[in-house]
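Visitor: Here numbering that gives the first Met the number 0 is used: position 191 in the sequence shown is 190, and no number is missing along the way.
Every residue gets a Cβ at the ideal spot worked out from N, C-alpha and C, and that includes glycine.
Keep in mind it's a predicted model, so treat the numbers as computed, not measured.
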Amino acid sequence: MKRKLASKRSAFFRSNVKLARSLWGTLSITAFTRLKDLTRRYGFSVAAGDMQLLNGAWYVTHAGLLSLSFRRKCAGIKTTSVDQLSDVAAKRWVFKATVYKAQSSRGFVSHGDADPSNTSVLVRGAEMRVAETRAVNRALRKAYGIGICSVEELGYPSSPPERAQAKGMDSSHSNGNGPGQPRLRDQLCLLIRKYELDPTLVKRYAADFCGTETLRDASRDLVEAFISTLADEAAKDRAALICKLNSYHQLAEVKP
């Protein structure tokens, strides 16, 4: 029985690898190893659209998370809008989602937000649904211990690259990384969303790291170094990073 199960899992993994390579080309060693772990631990399927490979990193999809919750016999998902933080006129929405893994579960809670500045132009007018989806995705990832971000949680620049070029904007003036690459600000936002960090504390940490009054005053090289450091610290030990960030909150309180 165990051999049959192992053989079935191996065949499933080989199928995932084959389709992934046909869709995204050669996989790096990191992407290959991560795909193996995601396949065996969560049963995610590339063919079912459970995962996507973007810029060499794996992201889970809303469909993949819902499928996982179904397989793990999730007891229920509850969503509510946070009215005091939402602004209908500005098309800004904040949702709270609670995932119950079992009937007796206290629930895993997370929040999601969306507005025109952090959503794709393809979903403009549906910011409320995007916020709800992001909240559900974060709660599901927390409930089942999934350490990769979901596609729906990704932020987007307020203006697509082609619009920026049409306006004669130089990407070097907005922390650009060249054509087709996310800006440094967007990379930082992705890290904050992925690891659910406090944006204000991250900015204080960044300014201290760069030795400037504000992050905006720092050079591009320093910002790149900070983002790399933050990503490493969050991936290795998020709890330790949270403690470090909280220290900046305490320092702000004692300042005259």
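With distances taken from CA atoms, which of 241, 216, 231, 66 is nearest residue 143?
Guide: Numbered from its first residue, the sequence shown carries residue 143 at position 144. Nearest C-alpha to residue 143: 66.
Visitor: Is there contact here, the region 36-51 with the region 98-115, by at least three beta-carbon pairs under 8 Å?
Guide: The answer is no - the region 98-115 does not touch the region 36-51, with fewer than three Cβ pairs under 8 Å.
Visitor: If you compare alpha carbons, which of 77, 219, 244, 68 is closest to residue 183?
Guide: Sequence index remark: in the sequence shown, residue 183 carries index 184 (1-based). Ranking 77, 219, 244, 68 by Cα distance to residue 183 puts 219 first.
Visitor: Give the single residue among 103, 207, 62 whose Cα lies nearest to the Cα of residue 246.
Guide: Here residue 246 refers to the residue found at position 247 of the sequence shown. Nearest C-alpha to residue 246: 207.
Visitor: Report the option in 8, 48, 197, 43 whose CA atom is closest to the CA atom of residue 242.
Guide: In the sequence shown, residue 242 corresponds to position 243, counting from 1. Here the closest residue by C-alpha is 197.
Visitor: If you compare alpha carbons, which of 79, 93, 78 is closest to residue 85?
Guide: As a first step, residue 85 must be located in the sequence shown, where it is residue number 86. Out of 79, 93, 78, 93 has the C-alpha closest to the C-alpha of residue 85.
Visitor: According to DSSP, is residue 147 helix, strand or coil?
Guide: Here the question's residue 147 lines up with position 148 in the sequence shown. If DSSP states are grouped into helix, strand and coil, residue 147 belongs with coil.
Visitor: Run through DSSP, which three-state label would residue 197 get?
Guide: The residue labelled residue 197 in the question sits at position 198 within the sequence shown. Three-state result, residue 197: coil.
Visitor: Leaving aside the five residues before and after residue 77 along the sequence, list all residues of the same chain whose C-beta is less than 6 Å from its C-beta, in chain order.
Guide: Taking the first residue of the sequence shown as position 1, residue 77 is located at position 78. These residues qualify, in order along the chain: 97.
Visitor: If distances are taken between C-alpha atoms only, which option among 119, 210, 42 comes closest to residue 9?
Guide: For the purposes of this step, residue 9 is taken as residue 10 along the sequence shown, with counting starting at 1. Measuring from the Cα of residue 9, the nearest candidate turns out to be 42.
Visitor: Of all the alpha helix (DSSP H) runs that stay within the bounds of the region 80-131, which reach a length of 4 or more residues?
Guide: Runs found: none.
Visitor: Please list, in chain order, all residues of the same chain as residue 214 whose beta carbon is under 6 Å from its beta carbon, the five residues on each side excluded.
Guide: In the sequence shown, residue 214 corresponds to position 215, counting from 1. Excluding residues within five positions, the ones whose Cβ falls inside 6 Å are 202, 205, 206.
Visitor: Pick helix, strand or coil for residue 74, following the three-state DSSP scheme.
Guide: Counted from its first residue, the sequence shown places residue 74 at position 75. Three-state result, residue 74: coil.
Visitor: Which first and last residues belong to the beta strand (DSSP E) in which residue 59 is found?
Guide: Position 60 of the sequence shown, counted from the first residue, corresponds to residue 59. Element bounds for residue 59: 56-59.
Visitor: I need the straight-line Cα distance from residue 163 to residue 68, nearest angstrom please.
Guide: To locate residue 163, count along the sequence shown from 1; it is residue 164. To locate residue 68, count along the sequence shown from 1; it is residue 69. Annotation note: pLDDT 34 at residue 163 (below 50); position unreliable, coordinate value reported separately. Their backbone Cα atoms lie some 40 Å apart in a straight line.
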